[in-house]
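Visitor: Sharing a structure here in structure tokens format.
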Amino acid sequence: MHKIWIISKREYLAMVRTKTFIVTIVLMPLLMLGGILAQEFLEGRIDISDKHVVVIDPTGRLMPGMQATAERRNLYEVFDKKSGHQVSSKFVLESGSNKPLTDEEHLALSERVRKGELFAFLEIYPDILEQRELGRLETKAVVYSESLGAGSLRRWVFLSVNAALQSVRLAEAGIDAMVVMQAMAPVDVENLGLSTRTSDGKIKRANKASRKVAQLVPFAILMLMFMTIMIVANPMLQSVIEEKQQRIAEVLLGSAQPFDIMMGKLLGNVGVALTLLVVYGFGGVFWASRYDMLEIMPLHLAGWILAYEVLAVMLYGSVFIAIGAAVSEQREAQSLLTPVVMVMIFPLMVWFEILREPMGGFATWLSLFPPATPMLMPMRLCATSAVPLWQPLLGIAIVLLSTLATVWAAGRVFRIGILAQGKAPKPRELIRWILRG
Amino acid sequence: MASSTVKTERLGGMNAVELEKVTKRFGTHVAVDSLDLVVPKGTIYGFIGPNGSGKTTTLRMILRIFHPDEGRIRVMGIERGSAADNQVGYLPEERGLYRKMRVREQLQFYAALKGLRRNRKVVDEWLERFGLAEWADKKVEVLSKGMSQKVQFIAAVVSRPVLVILDEPFSGLDPVNMEALKDAVIELRRNGSTIIFSTHDMEIAERMCDTIFMIFQGRKVLDGTLAEIQAQYGEDVIRVRAAATEKDLAKIQGVARVNDYGQTMELRMEKEADSQQILRELTAIGRVERFELARPALHDIFVRIAGQEDHREGGGANA
Numbered sequence: 077m078h079k080i081w082i083i084s085k086r087e088y089l090a091m092v093r094t095k096t097f098i099v100t101i102v103l104m105p106l107l108m109l110g111g112i113l114a115q116e117f118l119e120g121r122i123d124i125s126d127k128h129v130v131v132i133d134p135t136g137r138l139m140p141g142m143q144a145t146a147e148r149r150n151l152y153e154v155f156d157k158k159s160g161h162q163v164s165s166k167f168v169l170e171s172g173s174n175k176p177l178t179d180e181e182h183l184a185l186s187e188r189v190r191k192g193e194l195f196a197f198l199e200i201y202p203d204i205l206e207q208r209e210l211g212r213l214e215t216k217a218v219v220y221s222e223s224l225g226a227g228s229l230r231r232w233v234f235l236s237v238n239a240a241l242q243s244v245r246l247a248e249a250g251i252d253a254m255v256v257m258q259a260m261a262p263v264d265v266e267n268l269g270l271s272t273r274t275s276d277g278k279i280k281r282a283n284k285a286s287r288k289v290a291q292l293v294p295f296a297i298l299m300l301m302f303m304t305i306m307i308v309a310n311p312m313l314q315s316v317i318e319e320k321q322q323r324i325a326e327v328l329l330g331s332a333q334p335f336d337i338m339m340g341k342l343l344g345n346v347g348v349a350l351t352l353l354v355v356y357g358f359g360g361v362f363w364a365s366r367y368d369m370l371e372i373m374p375l376h377l378a379g380w381i382l383a384y385e386v387l388a389v390m391l392y393g394s395v396f397i398a399i400g401a402a403v404s405e406q407r408e409a410q411s412l413l414t415p416v417v418m419v420m421i422f423p424l425m426v427w428f429e430i431l432r433e434p435m436g437g438f439a440t441w442l443s444l445f446p447p448a449t450p451m452l453m454p455m456r457l458c459a460t461s462a463v464p465l466w467q468p469l470l471g472i473a474i475v476l477l478s479t480l481a482t483v484w485a486a487g488r489v490f491r492i493g494i495l496a497q498g499k500a501p502k503p504r505e506l507i508r509w510i511l512r513g
Numbered sequence: 077m078a079s080s081t082v083k084t085e086r087l088g089g090m091n092a093v094e095l096e097k098v099t100k101r102f103g104t105h106v107a108v109d110s111l112d113l114v115v116p117k118g119t120i121y122g123f124i125g126p127n128g129s130g131k132t133t134t135l136r137m138i139l140r141i142f143h144p145d146e147g148r149i150r151v152m153g154i155e156r157g158s159a160a161d162n163q164v165g166y167l168p169e170e171r172g173l174y175r176k177m178r179v180r181e182q183l184q185f186y187a188a189l190k191g192l193r194r195n196r197k198v199v200d201e202w203l204e205r206f207g208l209a210e211w212a213d214k215k216v217e218v219l220s221k222g223m224s225q226k227v228q229f230i231a232a233v234v235s236r237p238v239l240v241i242l243d244e245p246f247s248g249l250d251p252v253n254m255e256a257l258k259d260a261v262i263e264l265r266r267n268g269s270t271i272i273f274s275t276h277d278m279e280i281a282e283r284m285c286d287t288i289f290m291i292f293q294g295r296k297v298l299d300g301t302l303a304e305i306q307a308q309y310g311e312d313v314i315r316v317r318a319a320a321t322e323k324d325l326a327k328i329q330g331v332a333r334v335n336d337y338g339q340t341m342e343l344r345m346e347k348e349a350d351s352q353q354i355l356r357e358l359t360a361i362g363r364v365e366r367f368e369l370a371r372p373a374l375h376d377i378f379v380r381i382a383g384q385e386d387h388r389e390g391g392g393a394n395a
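Protein chains in written order, with my numbering: chain W, 77 to 513; chain Y, 77 to 395.
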């Protein structure tokens, strides 16, 4: 036990003292926030020049209505409500031919779009007013453009053509369009979090900003678990390869049992992962309290997160150590690492589905699949308080058993591999090492 | 030569290491073949042999890093021990140091692993002794080859193990450092430790070892004190400084081989050859300044065996 402690202490210090580690501590949140910041940054830099669109309206009855909608949009909707800055382009409509386009005219308009004179042109079919059947969505107008950004124009055209069409139909039926519009005026629906009791006994309702951030917290927990495991796993692999290459392994084996060496390494790195968790945990709490959002921090999950973190580092760490022991250089590790990394990143591929239905069968069973449990279970617990207690408890039991089995198997590979030289073993050979010991 | 089994019985519990009919194979290659060896406590035992002859494999088996396929190994009287033995210190052939770790920290780590807890003072004493005190807080990666060799040596002996196994401890050291290391080894023996070391330096082996053991192609070919080994070969070497050329000497009857060292030439006599007859023929060719009958040096014996000129277990030219 004493030797495990000495080795784990060395591993811990060797890791946390490196410049890479200190840089990682700073870089990781930056990377996580990077996406959000980049979006904010890009938002202010999108193209807001006027978009000229030629409208071919053979009915001659829709253009006025669309023109009015466009003017309303250009006056109110392209500006940010708070700052007053323009955030999207105005649509400037020009009347084109009042007859269906010939091929020549179509080509001429296309050329104008290519030259950049126009953003797009809209061709409304002459029979658009005849379509009155409910439940049938037939194409009666086409937007032609070469820009990928025309999607927002198409959505706007869809709404404005239909609004103009409805006005024409109402007028034909002798109904006052204003009365109908007022009757159908919509209202907005907000989505907020739950209220909480603060430490001074007051009840605090969730506000809009905290709701937005709260939606990100389960994902942040997933990323935190994934990143902390990733940050410690790779150096473990490299340190074993270094010990093998530099013949340190021989000296270590002359002083401690292979299992003690492996456990020492694992525990040292569990320490590193917990250090990261604590640093980020305190960072998160500090940040949240500064912005008066402490209630969104899942402090009640700290115990689960710590328990799953310890097990996850042991589970994945022992596999990385075994791989390090089995190979002679980093290059050879790649083929053995690929399946492990695939399993590791699997939760990152399904997180959205799980957050959408955290209590669904898919989410429940996947969060009980041992390699994914340490990442998915804390995320589910954070996403909803409806997860019954037996699930995280069963998760802990399953991961604990898997970890024990993995550490045992990895210990056998480590013992044989650490002194083996030459070609890296094939997976079948590795299984033989595990079974025969 | 006395067989190992006889030695074992004679020495009883006085042996640090005992190997009995030990064989180790790697695939189809037999690295060590039915090896017997007894290393008495408190001695300096030198392992010699060409590269790939099985020295390091034997040392690793004594360390229990490898287990023999056949035969028995007892270390400090214990047959089924573990590699992790605080009584045994080990210096591997290639350096086993963490490159990014500081020198003192590294030595304290190894000392602690060997069970020496309050070790700062003793580590500093060793660093001082080897002139490394000012490097104590430097990372290993900035050390020269000789310096890291000394650090590795300290790591092997800092916990005062009763058995010290050194694989090529003197390689890469300049004469001054070699002297310092040699003194340290002698002192360890004086304090009761048993030292086994492998070396390619025959002079070191001749001067330092109580017993020399040579392994060739996995088998023991020499085992005894220098005098015992030389006695097997008898006085079959003549050192000559004379007017005669190397070619002239080679033609003399009874001369098996001539080695020209510039200042002197070394003749090896054939079995049953008469040194007086050779001297007579030499004087007939010209002036003879030196004519000295000698036993073969260890280097010469090594070359004779490893060069496949004359190898058989315990077999000497005159045996």
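Where a beta carbon is used, it is the ideal one built from N, C-alpha and C, also for glycine.
For a test of the three-state rule: what should DSSP assign to Y/Met278, helix, strand or coil?
Guide: Three-state DSSP puts Y/Met278 in a helix.
Visitor: Where do the N-terminal and C-terminal ends of the alpha helix (DSSP H) with Y/Leu192 fall, by residue?
Guide: Careful: Y/Leu192 lies outside any alpha helix (DSSP H) and carries neither H nor E.
Visitor: Drop a sphere of 10 angstroms on the beta-carbon of Y/Ile272, count the other beta-carbons inside from all chains shown, and report buried for 16 or more, exposed for fewer.
Guide: By the 10 Å Cβ count, Y/Ile272 comes out buried.
Visitor: Keeping to the same chain, check which residues put their C-beta closer than 6 Å to that of W/Ser84; ignore five residues upstream and five downstream.
Guide: Cβ within range, chain order: Gly340, Leu343 and Gly344.
Visitor: Against W/Arg86, what residues of chain Y qualify as contacts under a CB-to-CB distance less than 7 Å, listed in chain order?
Guide: Chain Y residues near W/Arg86: Phe185.
Visitor: Just to confirm the assignment: which complete alpha helix (DSSP H) runs, minimum length 4, are found wholly within the region 197-258 of chain W?
Guide: Taking only runs of at least 4 residues, the alpha helix (DSSP H) segments lying wholly in the region 197-258 of chain W are 226-248.
Visitor: State the Cα-Cα distance for the pair Y/Asp396 and W/Leu412, rounded to the nearest angstrom.
Guide: In the structure as shown, chain Y starts at 77 and stops at 395, and residue 396 of chain Y therefore has no counterpart that could be examined.
Visitor: Looking at Y/Val198 and Y/Ile233, is the spacing between their C-beta atoms short of 8 Å?
Guide: Ile is not the amino acid found at residue 233 of chain Y; the sequence shown has Val there. Not in contact: Y/Val233 and Y/Val198 (Cβ atoms no closer than 8 Å).
Visitor: Find the residues of chain Y that neighbour W/Ile307, judging by a C-beta separation of less than 9 Å, and give them in chain order.
Guide: Chain Y residues near W/Ile307: none, gap ~18 Å exceeds 9 Å.
Visitor: Return the CA-CA distance between W/Thr479 and W/Val417, expressed in angstroms with no decimal places.
Guide: For W/Thr479 and W/Val417, the distance between alpha carbons rounds to 17 Å.
Visitor: What did DSSP end up calling W/Pro450 once you bin it into helix, strand or coil?
Guide: Looking at W/Pro450 - three-state DSSP - the assignment turns out to be helix.
Visitor: Does W/Arg491 come within less than 8 Å of chain Y when only Cβ atoms are used?
Guide: No, W/Arg491 lies away from the interface with chain Y (no Cβ there is under 8 Å from its Cβ).
Visitor: Can you tell which of W/Ala144, W/Val308 and W/Val163 has its C-alpha closest to the C-alpha of W/Ser125?
Guide: Minimum Cα distance to W/Ser125 is reached at W/Val163.
Visitor: Could you list which residues in chain W have their beta carbon closer than 8 Å to that of Y/Glu170, in chain order?
Guide: Those within 8 Å of Y/Glu170 in chain W are Gln322 and Arg323.
Visitor: Please list the partners that Y/Ile138 has in chain W, where partner means a Cβ-to-Cβ separation under 9 Å.
Guide: Residues of chain W passing the Cβ test: none, with the nearest at roughly 11 Å.
Visitor: Which parts of the region 171-257 of chain Y are runs of the alpha helix (DSSP H), unbroken and 4 residues or longer, counting only runs that do not cross its ends?
Guide: Counting whole runs of 4 or more residues, the region 171-257 of chain Y contains the alpha helix (DSSP H) stretches 179-189, 196-205 and 221-233.
Visitor: Answer with buried or exposed for Y/Tyr174, where buried requires no fewer than 16 other C-beta atoms within 10 angstroms of its C-beta.
Guide: So Y/Tyr174 counts as buried.
Visitor: Could you tell me whether the Cβ of W/Lys79 comes closer than 8 Å to any Cβ of chain Y?
Guide: W/Lys79 counts as touching chain Y.
Visitor: What runs of the beta strand (DSSP E), each 3 residues or longer, lie entirely inside the region 326-400 of chain W?
Guide: The region 326-400 of chain W contains no whole beta strand (DSSP E) run of 3 or more residues.
Visitor: Using a cut-off of 8 Å between C-beta atoms, extract the partners of Y/Arg175 located in chain W.
Guide: Within chain W, the residues near Y/Arg175 are Glu318 and Gln322.
Visitor: Quick check on DSSP: helix, strand or coil for Y/Asn91?
Guide: Strand at Y/Asn91.
Visitor: What residue ranges within the region 301-328 of chain W form continuous alpha helix (DSSP H) runs of no fewer than 4 residues, ordered along the chain?
Guide: Taking only runs of at least 4 residues, no alpha helix (DSSP H) segment lies wholly in the region 301-328 of chain W.
Visitor: Which term fits Y/Val82, buried or exposed, when burial requires 16 or more other beta carbons within 10 angstroms of its beta carbon?
Guide: For Y/Val82, the predicted model reports a pLDDT of 38, less than 50, meaning its position is unreliable; a value from the coordinates is still stated below. Burial call: exposed.
Visitor: Pick helix, strand or coil for Y/His143, following the three-state DSSP scheme.
Guide: Y/His143 falls in the coil class under three-state DSSP.
Visitor: Any C-beta of chain Y sitting closer than 8 Å to the C-beta of W/Ala388?
Guide: It does not: the Cβ of W/Ala388 has no partner Cβ on chain Y nearer than 8 Å.
Visitor: Does the beta carbon of Y/Val164 sit closer than 8 Å to a beta carbon anywhere in chain W?
Guide: Output row for Y/Val164: interface = yes.
Visitor: Hey, Y/Val108 and Y/Gly130: beta-carbon distance below 8 Å or not?
Guide: Yes, these two residues count as a Cβ contact at 8 Å.
Visitor: Assuming W/Lys216 contacts W/Val168 under a Cβ cut-off of 8 Å, what Cβ separation, rounded to an integer in Å, is found between them?
Guide: W/Lys216 to W/Val168, Cβ: 23 Å. No contact.
Visitor: What residues from chain W crowd round Y/Ala188, counting only those whose CB sits closer than 7 Å?
Guide: By Cβ distance, chain W contributes Ile82.
Visitor: For Y/Ala160, decide whether its Cβ has a neighbour in chain W, counting only Cβ atoms nearer than 8 Å.
Guide: Yes, Y/Ala160 lies at the interface with chain W (some Cβ there is under 8 Å from its Cβ).
Visitor: Please look up how many angstroms separate the CB atoms of Y/Lys97 and Y/Asp112, rounded, as I've assumed it's under 8 Å.
Guide: With 8 Å as the limit, Y/Lys97 and Y/Asp112 qualify as a contact, their Cβ atoms being about 6 Å apart.
Visitor: For a contact defined as C-beta to C-beta under 8 Å, what are the partners of Y/Ala231 on chain W?
Guide: The contacting residues are Val327.
Visitor: My output table needs one value for W/Val489: the three-state DSSP class, helix, strand or coil.
Guide: Here W/Val489 sits in helix by DSSP.
Visitor: Checking the sheet assignment: what are the DSSP bridge partners for W/Val92?
Guide: DSSP output for W/Val92 lists no bridge partner at all.
Visitor: For Y/Ala382, which residues in the same chain have their Cβ closer than 7 Å to its Cβ, ignoring the five residues on either side in sequence?
Guide: Pro126 and Phe292.
Visitor: Go ahead and pull the three-state DSSP assignment for W/Leu194.
Guide: Reduced to three states, the DSSP call for W/Leu194 is coil.
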